[in-house]
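See below for the structure under consideration.
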Amino acid sequence: MSLVYVYGIGRTDGADGAAVAGLRGMDDGAVRIERAGDLAAFVSDVSEQEFAEAPLNANLSDMAWLAPRAVRHQEVNAALAAALDALVPLSFGTVFRDHAGVERMLRERAAEIGPRLERLRGKAEWIATVRRDESVARAALESASEPLRALRVEIGAAAPGRAYLVARRLDETVRQELRASDAGAVVAAAEALERAGGLLFREPLIEDAGVGMIARFSVLAERRGGAPLAGDGLGAWSARGYTLELTGPWPAYRFSTVSD
1 MSLVYVYGIG RTDGADGAAV AGLRGMDDGA VRIERAGDLA AFVSDVSEQE
51 FAEAPLNANL SDMAWLAPRA VRHQEVNAAL AAALDALVPL SFGTVFRDHA
101 GVERMLRERA AEIGPRLERL RGKAEWIATV RRDESVARAA LESASEPLRA
151 LRVEIGAAAP GRAYLVARRL DETVRQELRA SDAGAVVAAA EALERAGGLL
201 FREPLIEDAG VGMIARFSVL AERRGGAPLA GDGLGAWSAR GYTLELTGPW
251 PAYRFSTVSD
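Heads up: the sequence shown runs through residues 1 to 260, numbered per the numbering used here.
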């Protein structure tokens, strides 16, 4: 028996056959359109053996099973987002028992989904990452910080035991000034993104976030807004070792996901 997998939701007036022509979803199933009122869901059939609640929950912990299907989910929504003026992408694993369940969901949640689609019209999600080149940032601090210069002079004039204690103060002062510098660069990045018309959500960073990453934002902005968002980067902060990297456009998961 098959179930119905839902990738995303759009407006009926923009959902024609061209949006799904040749588009293949889970397990290479054809993506099609289910309509109810003003809304259209983009769906494909999946097997109950893999996507019913119990097997799906088990499969979510199997990376060999999950990874290619998560990629396919993203590929379908990326194609839909490029073809439509607005798309509400759904979370991976949004499954309904039958077509009637999909249509019922569209009708019951029209008041919720409709405004989200309006907010997303012509918009996309961009990922903005602030990175710090530590060697450049440290060099900038060394040249600009009077407390650091004073501590280095004190170390040079101190006896060995005293010099060791001052060196520890120096290390802590460097860490404090780097944290303050990081905070300033992140504020500058957020302000630049907002000036360019972006709606921001600051993502939490995992402990091993990546080389030099100090902040990561999801940004809702015009689909063709990459150049305005990037602007002149971080301006003066660039000379202090900070960069603003931008990727996208992506389907607007952070700003529009509707849970099942």
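The beta carbon of each residue, even a glycine, is placed where N, CA and C say it ideally should be.
Please state if the CB of residue j and the CB of residue i are separated by a distance shorter than 8 Å.
{"i": "residue 11", "j": "residue 39", "result": "yes"}
{"i": "residue 197", "j": "residue 222", "result": "yes"}
{"i": "residue 246", "j": "residue 100", "result": "no"}
{"i": "residue 66", "j": "residue 95", "result": "no"}
{"i": "residue 29", "j": "residue 45", "result": "yes"}
{"i": "residue 84", "j": "residue 25", "result": "no"}
{"i": "residue 237", "j": "residue 180", "result": "no"}
{"i": "residue 41", "j": "residue 34", "result": "yes"}
{"i": "residue 3", "j": "residue 97", "result": "yes"}
{"i": "residue 1", "j": "residue 48", "result": "yes"}
Apart from the five residues on each side of it in sequence, which residues of its chain come closer than 8 Å, Cβ to Cβ, to residue i?
{"i": "residue 251", "result": "8, 74, 77, 78, 80, 81, 87, 89, 124 and 125"}
{"i": "residue 199", "result": "219, 220, 221 and 255"}
{"i": "residue 234", "result": "130, 185, 188, 189, 192, 242, 243 and 244"}
{"i": "residue 268", "result": "It is not possible to answer for residue 268, since the shown part of the chain is limited to 1 through 260."}
Under 6 Å Cβ to Cβ from residue i, same chain only, skipping five residues before and after it: list those, please.
{"i": "residue 131", "result": "212, 213 and 243"}
{"i": "residue 120", "result": "86, 252 and 256"}
{"i": "residue 115", "result": "none"}
{"i": "residue 165", "result": "none"}
{"i": "residue 27", "result": "none"}
I believe residue i touches residue j by the beta-carbon criterion, under 8 Å. Please report the beta-carbon distance rounded to the nearest angstrom.
{"i": "residue 102", "j": "residue 174", "result": "Incorrect: roughly 57 Å between the Cβ atoms, too far for contact."}
{"i": "residue 216", "j": "residue 203", "result": "5 Å"}
Is it buried or exposed for residue i, if we count other Cβ within 10 angstroms and need 16 for buried?
{"i": "residue 143", "result": "exposed"}
{"i": "residue 240", "result": "buried"}
{"i": "residue 93", "result": "buried"}
{"i": "residue 113", "result": "buried"}
{"i": "residue 159", "result": "exposed"}
{"i": "residue 205", "result": "exposed"}
{"i": "residue 117", "result": "buried"}
{"i": "residue 141", "result": "buried"}
{"i": "residue 139", "result": "exposed"}
{"i": "residue 162", "result": "exposed"}
{"i": "residue 64", "result": "exposed"}
{"i": "residue 18", "result": "exposed"}
{"i": "residue 137", "result": "buried"}
Mind checking if residue i is an interface residue toward chain D, Cβ cutoff 8 Å exclusive?
{"i": "residue 94", "result": "Here there is only one protein chain, and chain D is not present."}
Closer than 7 Å by C-beta to residue i: which residues in its own chain qualify, once you throw out the five before and the five after it? Chain order, please.
{"i": "residue 20", "result": "31, 32, 33 and 42"}
{"i": "residue 16", "result": "none"}
{"i": "residue 194", "result": "200"}
{"i": "residue 37", "result": "106, 107 and 110"}
{"i": "residue 182", "result": "132 and 214"}
{"i": "residue 248", "result": "124, 125, 126, 127 and 226"}
{"i": "residue 104", "result": "none"}
{"i": "residue 122", "result": "85, 222 and 223"}
{"i": "residue 147", "result": "173"}
**Prompt:** How about the region 184-201 and the region 98-109: do they share at least three Cβ pairs that are nearer than 8 Å?
**Reply:** no
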